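Remarks on the structure that follows.
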Amino acid sequence: MPPSSCNDGLLTPPQLLRYLPAHRVLICLRCRYAIQPGAVSRHLKDIHLFQHAQRQPFLEYASQFELAQPNDVNFPDDAQFPVPSLPVQNGLACRFDGCRHLCATTKRMKQHWTSVHGSAAREGLDWCPVPIQTFFRGNALQYFTTPALLSSSPSPSSASSFPPSSVSSDSFANSVDTRWFSVSAPSPDGSESTVEGILAWDNHLALTIIHAHLLDHYLTSTYHTLSCNPDTDRAFREVVPQLAAEFPFLLHGILACSALHLAHCDPKNRSQYVVQAMRHQAHALPSFRWTILHVDAENGHAVLAFAFFLVVCSLSLDHDDERLFLTTDGRESRPSIHWIHFLRNGCSMLCPIWPELMSGPLAPLADLWRDDLDVSPLPTDPLLVTLLSAVPSGHGDPMHCWSDSEIEIYNDSAAKLADAFAFAERYGYAITIWDVLNAWAMRVTPEYLCLLQRNHPGALLLLAYYSLLLRPLQTNWFLHHRINKLLDEISIRLEGRCPIHMWDLFLRVRGDYFA
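Below is the structure:
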């Protein structure tokens, strides 16, 4: 992570550093990892550019805590995972009997199998996806997950015909609960979806009691929170579950979404439900990735349906993550890890079969992704004029000058944001989260998203204005308190790195938001 100066006088020690007594580590809330004992001063100096006098109150604060060396840290048990304030990654767990190796990439896992187990790893068979975290970075990096996920069955001996990481129903049920019950489906023309009806009539699926509970909650409650009219109600309640019988990644998406809704409704058992959600999401994404590269009329409806669950899970999966549309460290090298890239890529792959989707059983969902907003604000539109005024003049501080390409990207994104506000004004209280995402986040160019990943001041300012469109939607359980945290994070990334007139515009946005 490149050095980044924290703001003079704005941060108190508890706002930057959080001690976790259960694990005896001190977390930097900006960097989202633990600082090794004895390295606090160096971290504040090298990473956050604190001068000597600025560091003293933070060092005094840190000195009161007992910090464990990396090898002596207490790792979380099932009830403690995920650890708050640490990011959760999609990781891999080795399935060799008795091996508890974790890593973040298939390349590392294949190297592990060759060097430790003496054989070539089989794609999708010799490892399984799990959520992972790490307390430390660098030489002390050591991944961990919830222990329950490391007690799954050993690597199978036979090959699989499923797409990568599209686990069979047996393995996906086995690893959570041994209390099985089998469910058989009604006839294909049944008009009502039930837990039993999730199963394809030609492909029986063994479900655990836990999975059945998640499905039942989805069919009785969660689906309705995603809907916005009677037609989408029916699509989410009846059509989508029937598709999930055929496409495992969609079933995992449903289960993940239901688990997160339960985590919101039942705070006392939040950790348990979040772990379940992360596990299902980890199973779903590799198969979804594979499917969007092979979209056709057969699987297109499942891809469309999964896009909605991807949005909800990504918005709500890490409740303590203030970034939302932002990335961790501004690196441009891995854009595909960001949820919005999954969403945009998935929807763009559907373009060749869009007519079939618009005339098919999920037409009410396809209709939510409008091709044309049918608005055209005038060049004198007050919001557009304000946004364009943020572009630094060529005669200002060289540190704040933008290239011609950056100005072009910014102006295009600003014009699209003005369109989105005009669209929202037309629909008023009837606007939905799907409308707001479609109106701007799905329409900005990949070049804008790259600027956002680099923490470009203009890109951050536009995102702050976009938060005003999201504000009325915070009553949705998957957006609860997220926008406030997003604005706080934008403030941290923007202050001191933009011209004063742009900072004034941001303060005006924040004032309007909390007005």
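In numbering that gives the first Met the number 0, the protein residues as written are 0 to 514.
In this text, a Cβ means the ideal position worked out from N, Cα and C, and glycines have one as well.
Predicted model only: the values in this text are computed from it and were never measured.
- Task: Note the first and the last residue of the continuous alpha helix (DSSP H) segment covering Cys312.
- Result: Looking up residue 312 in the sequence shown gives position 313. Gly299 to Ser315 is the span of the alpha helix (DSSP H), which, as asked, contains Cys312.
- Task: Quick one: using the 10 Å Cβ neighbour count with 16 as the cut-off for buried, is Glu488 buried or exposed?
- Result: As a working mapping, residue 488 is identified with position 489 in the sequence shown. So Glu488 ends up on the buried side.
- Message: Considering Cα atoms alone, identify which of Ala119, Cys400 and Pro445 is closest to Asp411.
- Response: The residue you call residue 411 lines up with position 412 of the sequence shown. Minimum Cα distance to Asp411 is reached at Pro445.
- Task: Within its chain, find whatever has a CB closer than 6 Å to the CB of His399; leave out the 5 residues flanking it on each side and keep chain order.
- Result: For the purposes of this step, residue 399 is taken as residue 400 along the sequence shown, with counting starting at 1. Close CB contacts of His399 within its chain, under the 6 Å cut and outside five residues either way in sequence, are with Pro391 and Pro498 (chain order).
- Test item: CB-CB of Tyr227 and Thr431 under 9 Å: Numbered from its first residue, the sequence shown carries residue 227 at position 228. Numbered from its first residue, the sequence shown carries residue 431 at position 432. The sequence shown places Cys at residue 227, rather than the Tyr named in the question. If you check the CB distance, Cys227 and Thr431 come in under 9 Å.
- Item | Proximal residues to Thr221 (C-beta, below 7 Å), its chain only, five neighbours per side dropped | Mapped onto the sequence shown, residue 221 falls at position 222. Only Cys256, Ser257 and His260 meet the Cβ criterion.
- Task: Rank Glu65, Leu66, Cys350 and Leu43 by C-alpha distance to the C-alpha of Gln55 and give the top, closest one.
- Result: Indexing the sequence shown from 1 puts residue 55 at position 56. Residue Leu43 is the option with its Cα nearest to Gln55.
- Message: Could you check whether the stretch 237-244 touches the stretch 94-102, counting it as contact only if at least three pairs of C-beta atoms, one from each stretch, sit closer than 8 Å?
- Response: In the pairwise beta carbon analysis, the stretch 237-244 is classified as not touching the stretch 94-102: fewer than three pairs are separated by under 8 Å.
- Task: For Tyr447, count neighbouring C-beta atoms within 10 Å of its own C-beta (all shown protein chains included) and say buried if the count is 16 or more, exposed if not.
- Result: Residue numbering aside, residue 447 sits at position 448 when the sequence shown is read from its first letter. Buried is the call here.
- Whose C-alpha, out of Met441, Cys312 and Tyr512, is nearest the C-alpha of Asn475? Translated into positions along the sequence shown, residue 475 becomes position 476. Nearest option by C-alpha distance: Cys312.
- Query: Can you list, in chain order, the residues of its chain whose CB lies under 7 Å from that of Ser118, leaving out five sequence neighbours each side?
  - Reply: Within the sequence shown, residue 118 is the residue found at index 119, counting from 1. Excluding positions up to five away in sequence, the list reads Trp112.
- Grab the span of the beta strand (DSSP E) containing Pro91 for me, first residue to last. Within the sequence shown, numbered from 1, the residue matching residue 91 stands at position 92. The residue you asked about is not Pro; residue 91 is Leu in the sequence shown. Segment Gln88 to Cys93, the beta strand (DSSP E) holding Leu91.
- Quick one: what's got a C-beta closer than 6 Å to Phe477's C-beta in the same chain, skipping five residues either side? On the sequence shown, position 478 is the one that residue 477 refers to. Only residues of its own chain outside the window of five on either side were considered, and among them Val311, Leu314 and Ser315 have a CB closer than 6 Å to the CB of Phe477, listed in chain order.
- Item | Which of helix, strand or coil DSSP assigns to Leu19 | In the sequence shown, counting from the first residue as 1, residue 19 sits at position 20. It is a strand residue.
- Task: Go through the stretch 394-437 residue by residue and report every complete run of the beta strand (DSSP E) that reaches 3 residues or more, in order.
- Result: none
- Message: Extract the residue ranges of the alpha helix (DSSP H) inside the stretch 22-62, only unbroken runs of 4 or more that lie entirely within it.
- Response: 39-45 and 51-62
- Report the option in Asn437, Leu10 and Phe422 whose CA atom is closest to the CA atom of Val374. Translated into positions along the sequence shown, residue 374 becomes position 375. For the residues Asn437, Leu10 and Phe422, the minimum Cα distance to Val374 belongs to Phe422.
- Message: Quick check on the DSSP output: what are the complete alpha helix (DSSP H) runs of length 4 or more inside the stretch 64-122, in order along the chain?
- Response: 105-111
- Find out if the Cβ-Cβ distance for the pair Leu249, Tyr217 is shorter than 9 Å. Start at 1 with the first residue of the sequence shown, and residue 249 comes out as number 250. Start at 1 with the first residue of the sequence shown, and residue 217 comes out as number 218. Their beta carbons are not under 9 Å apart, which means Leu249 does not touch Tyr217 by this criterion.
- Task: Compute the Euclidean distance between the alpha carbons of His505 and Ala429, then round it to the nearest angstrom.
- Result: On the sequence shown, residue 505 is found 506 positions in, with the first residue counted as 1. On the sequence shown, residue 429 is found 430 positions in, with the first residue counted as 1. The question names His, but residue 505 is Phe in the sequence shown. So the two alpha carbons sit approximately 27 Å from each other.
- Query: In this structure, what does DSSP give as the bridge partners for Gln132?
  - Reply: Sequence index remark: in the sequence shown, residue 132 carries index 133 (1-based). Looking at the DSSP output, Gln132 shares a beta bridge with Phe143.
- Item | Burial state of Ala417 (16 or more Cβ within 10 Å) | As a first step, residue 417 is located in the sequence shown; it is residue number 418 there, counting from the start. With 16 or more Cβ atoms within 10 Å of its Cβ, Ala417 is classed as buried.
- Item | Rounded Cβ spacing between Leu467 and Asp434 (contact assumed at less than 8 Å) | Along the sequence shown, read from residue 1 onward, the residue named residue 467 stands at position 468. Along the sequence shown, read from residue 1 onward, the residue named residue 434 stands at position 435. That belief does not hold up - the Cβ atoms of Leu467 and Asp434 are roughly 14 Å apart, past 8 Å.
- Message: Along the chain, where does the alpha helix (DSSP H) containing Ala283 start, and where does it finish?
- Response: Sequence index remark: in the sequence shown, residue 283 carries index 284 (1-based). It spans Arg269 to Ile291 - the alpha helix (DSSP H) in which Ala283 sits, taken as one unbroken run.
- Per DSSP, which one or two residues make a beta bridge with Trp126? Translated into positions along the sequence shown, residue 126 becomes position 127. Trp126 pairs with Cys93.
- Based on Cα-Cα distance, which residue from Trp439, Arg369 and Cys449 lies nearest to Glu405? Residue mapping note: residue 405 aligns to position 406 of the sequence shown, counting from 1. Cα-wise, what sits closest to Glu405 is Cys449.
- Item | Residue range of the unbroken alpha helix (DSSP H) whose run includes Asp511 | Here residue 511 refers to the residue found at position 512 of the sequence shown. Element bounds for Asp511: Ile499 to Phe513.
- Task: Excluding the 5 residues preceding and the 5 following Pro363 in the sequence, name in chain order all residues of the same chain whose CB lies nearer than 8 Å to its CB.
- Result: Start at 1 with the first residue of the sequence shown, and residue 363 comes out as number 364. Listed in chain order, the non-local C-beta contacts of Pro363 below 8 Å within the same chain comprise Asn228, Asp230, Thr231, Arg233 and Ala234, local neighbours out to five positions each way being set aside.
- Nearest to Glu122 by CA position, among Ser286, Ala463, Leu66 and Gln68, is which residue? Start at 1 with the first residue of the sequence shown, and residue 122 comes out as number 123. When each option's Cα is compared against that of Glu122, the closest is Ser286.
- Message: As a quick exercise: from Lys109, Gln88 and Trp126, pick the residue whose alpha carbon is nearest that of Gln141.
- Response: Along the sequence shown, read from residue 1 onward, the residue named residue 141 stands at position 142. That would be Gln88, whose Cα lies nearest to the Cα of Gln141.
- Message: Would Arg278 and Pro81 qualify as a contact pair, given that the criterion is a beta-carbon distance under 9 Å?
- Response: Here residue 278 corresponds to residue number 279 of the sequence shown, with the count starting at 1. Here residue 81 corresponds to residue number 82 of the sequence shown, with the count starting at 1. It is not a contact, given that the beta carbons lie outside the stated cut-off.
- Find out if the Cβ-Cβ distance for the pair Thr133, Leu66 is shorter than 9 Å. One-based indexing of the sequence shown puts residue 133 at position 134. One-based indexing of the sequence shown puts residue 66 at position 67. No, the pair does not count as a contact, with Cβ atoms beyond the cut-off.
- Inter-residue spacing [alpha-carbon to alpha-carbon] between Ile352 and Arg442: Within the sequence shown, numbered from 1, the residue matching residue 352 stands at position 353. Within the sequence shown, numbered from 1, the residue matching residue 442 stands at position 443. Their Cα atoms are separated by approximately 19 Å.
- Task: For Met348, name the three-state secondary structure that DSSP assigns.
- Result: Taking the first residue of the sequence shown as 1, we reach residue 348 at position 349. Three-state result, Met348: helix.
- What is the rounded straight-line gap between the Cα of His479 and the Cα of Gln473? Position 480 of the sequence shown, counted from the start, is the residue given in the question as residue 479. Position 474 of the sequence shown, counted from the start, is the residue given in the question as residue 473. Roughly 5 Å between the two C-alpha positions.
- Task: Determine, using beta-carbon pairs with one atom in the stretch 57-76 and one in the stretch 26-39, whether at least three such pairs fall under 8 Å.
- Result: yes
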